Structures are given as C-alpha cells and as structure tokens.
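As numbered in our numbering, residues 12 to 352 make up the sequence shown, in order. Everything below concerns the one structure shown next.
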Amino acid sequence: MDEVLSSKPEKGRGWWWKIPLGLLLLLFISLAIVLLNINTIARNQINKALNRYLVAGGQLETVDIHLLEARIGISGLVINPPPGFGPHPLLSLDVFEVDLAPLAILKGTVVIEDLAMRGLSLNIVRDKTGRLSLLELVITPAPDPASSSDKEQGEPKTPWMQVVHVNAVTMENLSFRLVDRTLETDWSAGLRADLAIQGLRVEDLLNLDILLDRLDLTLNDILVDQLEGFSREPLLAVNKFEVISEDIDLSTSEITIRKVGLDTLSVSLERNADREVNLLKLVDAWLPLDKKGQGETAEPAQTTLNVDSSAPSFELPAFTVDSVQLASITVQALDIVEGEP
C-alpha cells in the first residue's frame, strides 16, 4: 500500500515538466526554420510589396541577410515603368549592400560600417501629356475622410530620427537618363556617376547638420541632345567632371572645395531661322504651364506671400574652390542669317 501511494506523485512530476520543455523545443525548431529560410521569406515579402504598391510592379532576385554579421544585401532589383512610358525599366539595381554595427544602436546612434551600391540605372520619361513616369509609379489609395479629419485635428509631430554615422559610402556605375516626348521628337539627356564618401555623419537632417570627411564625385559622359530644328551638334557634352573636397559641413555658411576638374566640354548655343534659341526653348519646355512664354518684358504678378516666421530659413552657402582644372573646352554660337548658318 505504501509503495502505491509513493509512486503516484512521481508519475505526475514526470508528465508535467515535459510540457514547457516541448514548447521550448518547438519554439527553437520554428526559429531555426525561419533563420534558415530568412532570405527566401524576405525576398517573397519584398516582391509582394513591389507588386502591391507599384502600378506595374517589380522584381527582386536575391536577398542575402547575415544576422550575426549584421550585413544585408540585395541584388537584381527591377522596377517596371508605368503603362505608356516605354519598355525600359524605370529603375534597375545590380547590388546594394549595408554592413551595420549593431552594438552602436544601444548608444542611440546608427553606425553603418560600409554602404555600397553598384549598377544603378534610373530612366525617367515624360510622355506627350506631360506626365512624369516617376510620379505615376505608386498606386495612390483613395482618401479616407475620417483619417483626414483626425489628422487636421491632431497637432503636427516633429519627425524623430537617430544620429547616423556612415564610415564609407561607395556608389559605382550609376546611370541616369531623362527622356522628353512633349517636343517635336524625343529628346533625352543622360550621364554616368561614381561617388565615394568617407566619414558621413548625419546629426540633424532637418537643419542640414551633415558632415563629411571626404567627398569624391565623378560625372562621366554627360550628354544633352540637341533639339529638333537645330544643328546635329549636341547642346551639351562633357567627358568628365569631378569634384573632390574634404571636411565638409553643410550647416556652415561657407564650403571649401579642394578641386574641381572639367575635361572635354562642348556647348552649342544656336538660334534657328524661326528666331528660336535652343537653350531657351528647352528651358521653356520644362517650365510650369503658367510660366511658359513669359519674357523679360512681362509685368511681374502681384502676389502676397504669407511667411511663417517660425519656419527655419535656408540660405545657400558660399563656395570656395582651391583648385580648378579645365581642359579642352569648346563653345559654339550659331545663328541663321538669311538661311545660312
């Protein structure tokens, strides 16, 4: 009888202690499955978001996440253009990588050891009606009257952002192209760019409290097409334009640039038989509708501006250049007189 009574508590203890252990084991297995498939899960979620919020959707090939090393990378990103803006992708990106320092977040600072971008291509098109492909990219949700009224009643909140330090920024082989179809024939302008930044510190973005230890910017193959009705010479062509500077503080009133270099620049300013100037015609094509055709003799409009004295004022800083290097510059002024250039 004593043996039977003493065995019952032991049986109860042997059953109940296994339940927390089983739950813990199940949680561990689930977490391991998520970690092993985190790249696939992240890629699928990003692709769903691209096709949900963008008009024509997009595609991301690869996501590479290393949690222990705090490194994130994506490759093969393509964003399709909205319908009616041509077959070329609005944006394509070969590689984007971010290497973080996770322990710095505990001190209230986001530290990025390295930020790299390679093979970015941005293609912006303006169609015959004047719409820009970039502005037609996102699906605009229908406004909610209830939410808008709540926003009007609520007080505006100051955006919050942590201090961001980036030790190195590398952007290679960036290309930008602008196409305008509102003119007689398709007009385009484009360039390639490389950017390297050392020691980027964003202390206060709203007040432009941004510091850079070193900046190297190179623009290559700048080409602005000539307009229809003028010569075949490009309106503007630049082989290489570079800017090198150190110890930049964007919050100061004066910025010193160490070197500016310009190599093989060609400009062709022309006036055709219809007395149109190519540069002015191009500027007029991109002015707002209420500003088109306004010459210097137009009377200034009487407007009253309500200036908020509490809003921060912004003034362009003065630039000082230590060294300027110019090579092979050609400027052509062409006028049609009695049918002859």
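Note that the Cβ used here is the ideal one computed from N, Cα and C, for glycine as well. Computed from a prediction, not measured in an experiment: that's the story for all the values here.
Coil, strand or helix - residue i by DSSP
{"i": "S144", "result": "helix"}
{"i": "N250", "result": "strand"}
{"i": "V66", "result": "coil"}
{"i": "N134", "result": "strand"}
{"i": "L101", "result": "coil"}
{"i": "A112", "result": "coil"}
{"i": "A344", "result": "strand"}
{"i": "L37", "result": "helix"}
{"i": "L290", "result": "helix"}
{"i": "L261", "result": "coil"}
{"i": "A54", "result": "For clarity, residue 54 is Arg in the given sequence; the question names Ala instead. In the structure shown, R54 sits in a helix (DSSP, three-state: H, G or I)."}
CB contact below 8 Å: residue i versus chain D
{"i": "L276", "result": "Among the chains of the structure shown, chain D does not appear; only one protein chain is present."}
Beta-carbon separation (whole angstroms), residue i vs residue j, contact threshold 8 Å
{"i": "P328", "j": "E265", "result": "6 Å"}
{"i": "R129", "j": "V109", "result": "Their Cβ separation, rounded to whole angstroms, is 13 Å, which puts R129 and V109 out of contact at 8 Å."}
{"i": "L234", "j": "A248", "result": "5 Å"}
{"i": "L126", "j": "I90", "result": "With a Cβ gap of about 20 Å, L126 and I90 do not count as contacting."}
{"i": "A204", "j": "L226", "result": "Rounded, the Cβ-Cβ distance is 13 Å, inconsistent with contact."}
{"i": "V271", "j": "V332", "result": "5 Å"}
{"i": "A81", "j": "L111", "result": "4 Å"}
{"i": "S279", "j": "E244", "result": "4 Å"}
{"i": "L211", "j": "L223", "result": "6 Å"}
{"i": "L8", "j": "E281", "result": "For residue 8 there is no data in the structure shown, the boundaries of the chain being 12 and 352."}
{"i": "I208", "j": "V190", "result": "Actually they are not in contact, since the Cβ atoms of I208 and V190 sit about 29 Å apart, beyond 8 Å."}
Strand pairing of residue i, partner residues [DSSP]
{"i": "Q336", "result": "G272"}
{"i": "N184", "result": "Answer is none; N184 lacks a bridge partner."}
{"i": "T331", "result": "T267"}
{"i": "L206", "result": "M182, L228"}
{"i": "W198", "result": "D191"}
{"i": "F421", "result": "Because the chain in this structure spans residues 12 to 352, residue 421 falls outside the shown range and cannot be described."}
{"i": "L211", "result": "V177, L223"}
{"i": "T73", "result": "S86"}
{"i": "V49", "result": "The displayed chain sequence assigns Ile, not Val, to residue 49. Beta-bridge pairing links I49 to no other residue."}
{"i": "T151", "result": "None; T151 has no bridge partner."}
Straight-line gap, residue i to residue j (C-alpha atoms, nearest Å)
{"i": "I221", "j": "T267", "result": "15 Å"}
{"i": "D260", "j": "V348", "result": "51 Å"}
{"i": "R54", "j": "I340", "result": "48 Å"}
{"i": "H77", "j": "L114", "result": "15 Å"}
{"i": "A312", "j": "P299", "result": "Residue placement at A312 is poorly supported in this model, since its pLDDT is 46, which falls under 50; the coordinates still yield a value, given next. About 15 Å."}
{"i": "T193", "j": "G95", "result": "14 Å"}
{"i": "P93", "j": "D138", "result": "11 Å"}
{"i": "A296", "j": "R188", "result": "17 Å"}
{"i": "N289", "j": "T275", "result": "21 Å"}
{"i": "R63", "j": "L143", "result": "21 Å"}
{"i": "E124", "j": "I116", "result": "13 Å"}
{"i": "L246", "j": "S132", "result": "23 Å"}
{"i": "I52", "j": "S86", "result": "15 Å"}
{"i": "E351", "j": "N283", "result": "10 Å"}
{"i": "T263", "j": "S334", "result": "21 Å"}
{"i": "I135", "j": "K292", "result": "20 Å"}
{"i": "P31", "j": "N48", "result": "26 Å"}
### Task
Specify whether the stretch 119-132 and the stretch 176-185 touch according to this definition: at least 3 beta carbon pairs, one from each stretch, less than 8 Å apart.
yes
### Query
So, do the stretch 204-221 and the stretch 235-245 have three or more beta carbon pairs nearer to each other than 8 Å?
no
### Query
Is the stretch 57-70 close to the stretch 87-103, with three or more CB pairs under 8 Å?
These segments touch.
#### Entry: the stretch 196-214 touching the stretch 142-149, judged by at least three CB pairs closer than 8 Å
With a cut-off of 8 Å, the stretch 142-149 and the stretch 196-214 do not count as touching, because too few Cβ pairs lie within range.
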